[in-house]
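Engineer:
Numbering (the UniProt record's numbering), first residue to last: 1 to 258.
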């Protein structure tokens, strides 16, 4: 947690603790966990947690005693969602793909246990579906890009997510066996393919992509979809090739092949 800047050790430690809380938000962190992960002594770890808690960037769970991100962290994240760095990078690609294929293009990012639709770029053939609007939250694996995103995760992590959201998955008609089978097929194929998975009458293909921030790599996904009648096997292959070409030209790395 050394910032490399003289006099900035304490702020760097605070940012480091906030980053660890972000990575472990779902399960939460105890002070002992934070001490082990950060390398800080217990008193320093506790003091930094108190600063974050008092400012609203961390919150203590009353039952477990573990710390998670607080309301201010959520508001900061929501503000960033208005113009996230990945949108700036991917938007030109999405525009080009939509123009070249005529299909609708979707950008999905992971938010905790869910997939968030960050942007929808319409093609020349309009694909109407309420569930495909920008800002929509869906289950990981539910939808073309979301399935590509799910397939990029380790099996153990995906199984944990399913167990936490079992009721939601079951309500959507997705058993754990079906989810894992879709993920295996996606990995084998090298891209996701969905037919009527989220929207009746629509077919889509998608790829997981990697983008870098200052400190780490993150995974997102882009999909191309259209009505079944326009999305036959030949068009699927063409749309995938266009998507791969435009990603490569933009210097955006694909996850799992291509």
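Virtual Cβ for every residue (Gly too), placed ideally from N, Cα, C.
(1) Between the Cα of residue 201 and the Cα atoms of 188, 231, 177 and 223, which residue gives the shortest distance?
(2) Just to confirm before moving on: does the CB-CB distance between residue 192 and residue 234 stay below 8 Å?
(3) Pairs of beta-carbons, one from the segment 21-38 and one from the segment 59-73, closer than 8 Å: are there three or more?
(4) On a Cα-Cα basis, can you pick out the residue from 247, 195, 159 and 219 that is closest to residue 227?
(5) Should residue 223 be labelled buried (16 or more other beta-carbon atoms within 10 Å of its own) or exposed?
(6) With three or more C-beta pairs closer than 8 Å as the rule, is the segment 49-65 touching the segment 9-28?
(7) For the structure I just gave you, are there three or more beta carbon pairs, one from the segment 85-96 and one from the segment 113-125, closer than 8 Å?
(8) Residue ranges of each alpha helix (DSSP H) run of no fewer than 4 residues wholly in the segment 146-206, ordered along the chain?
(9) Are residue 209 and residue 147 closer than 8 Å when you measure CB to CB?
(10) Under a three-way DSSP split, which group does residue 126 fall into?
(11) Which residue marks the beginning of the beta strand (DSSP E) containing residue 101, and which one marks its end?
(12) Residue 241: which of 44, 164 and 98 sits nearest, CA to CA?
(13) Look up residue 120 in the DSSP assignment and say whether it is helix, strand or coil.
(14) Sort 51, 156, 167 and 144 by Cα distance to residue 182 and report the nearest one.
(15) Between residue 46 and the rest of its own chain, which residues show a CB-CB distance below 8 Å, the 5 nearest in sequence each way excluded?
(16) Could you tell me the distance, in whole angstroms, from the CA atom of residue 25 to the CA atom of residue 175?
(17) Alpha helix (DSSP H) containing residue 31: first to last residue?
(18) Report buried or exposed for residue 116, applying the criterion of at least 16 other Cβ atoms within 10 angstroms of its Cβ.
(19) Considering only the alpha carbon of each residue, which of 255, 139 and 178 lies closest to residue 190?
(20) Below 8 Å between beta carbons: does that hold for residue 158 and residue 149?
Structural biologist: According to the structure data:
(1) For the purposes of this step, residue 201 is taken as residue 201 along the chain shown, with counting starting at 1. If we check each option's Cα against that of residue 201, 231 comes out closest.
(2) Position 192 of the chain shown, counted from the start, is the residue given in the question as residue 192. Position 234 of the chain shown, counted from the start, is the residue given in the question as residue 234. Not a contact, by the Cβ cut-off of 8 Å.
(3) yes
(4) As a working mapping, residue 227 is identified with position 227 in the chain shown. Residue 227 has its Cα closest to that of 195, out of 247, 195, 159 and 219.
(5) In the chain shown, counting from the first residue as 1, residue 223 sits at position 223. With 16 or more other Cβ atoms within 10 Å, it is buried.
(6) yes
(7) Result yes; three or more Cβ-Cβ pairs closer than 8 Å.
(8) 155-164, 166-171 and 176-189
(9) What you label residue 209 is simply residue 209 of the chain shown in a count that begins at 1. What you label residue 147 is simply residue 147 of the chain shown in a count that begins at 1. Contact: no.
(10) Position 126 of the chain shown holds residue 126. For residue 126, the secondary structure class from DSSP, reduced to helix, strand or coil, is coil.
(11) As a working mapping, residue 101 is identified with position 101 in the chain shown. No beta strand (DSSP E) holds residue 101; the alpha helix (DSSP H) holding it covers 85-101.
(12) Position 241 of the chain shown, counted from the start, is the residue given in the question as residue 241. Of the listed residues, the one whose Cα sits closest to residue 241 is 98.
(13) Translated into positions along the chain shown, residue 120 becomes position 120. Note: residue 120 maps to strand in three-state DSSP.
(14) As a position in the chain shown, residue 182 is number 182, starting the count at 1. Residue 144 is the option with its Cα nearest to residue 182.
(15) Position 46 of the chain shown, counted from the first residue, corresponds to residue 46. If we look at residue 46 and ignore the five residues flanking it on each side, its Cβ neighbours are 31.
(16) Against the chain shown, residue 25 aligns to sequence position 25. Against the chain shown, residue 175 aligns to sequence position 175. Between residue 25 and residue 175, the C-alpha separation is close to 25 Å.
(17) Position 31 of the chain shown, counted from the first residue, corresponds to residue 31. Residue range 31-38 is occupied by the alpha helix (DSSP H) that includes residue 31.
(18) Here residue 116 refers to the residue found at position 116 when the chain shown is read from its first residue. So residue 116 counts as buried.
(19) Within the chain shown, residue 190 is the residue found at index 190, counting from 1. For the residues 255, 139 and 178, the minimum Cα distance to residue 190 belongs to 255.
(20) Residue mapping note: residue 158 aligns to position 158 of the chain shown, counting from 1. Residue mapping note: residue 149 aligns to position 149 of the chain shown, counting from 1. In this structure, residue 149 does not lie closer than 8 Å to residue 158 by Cβ.
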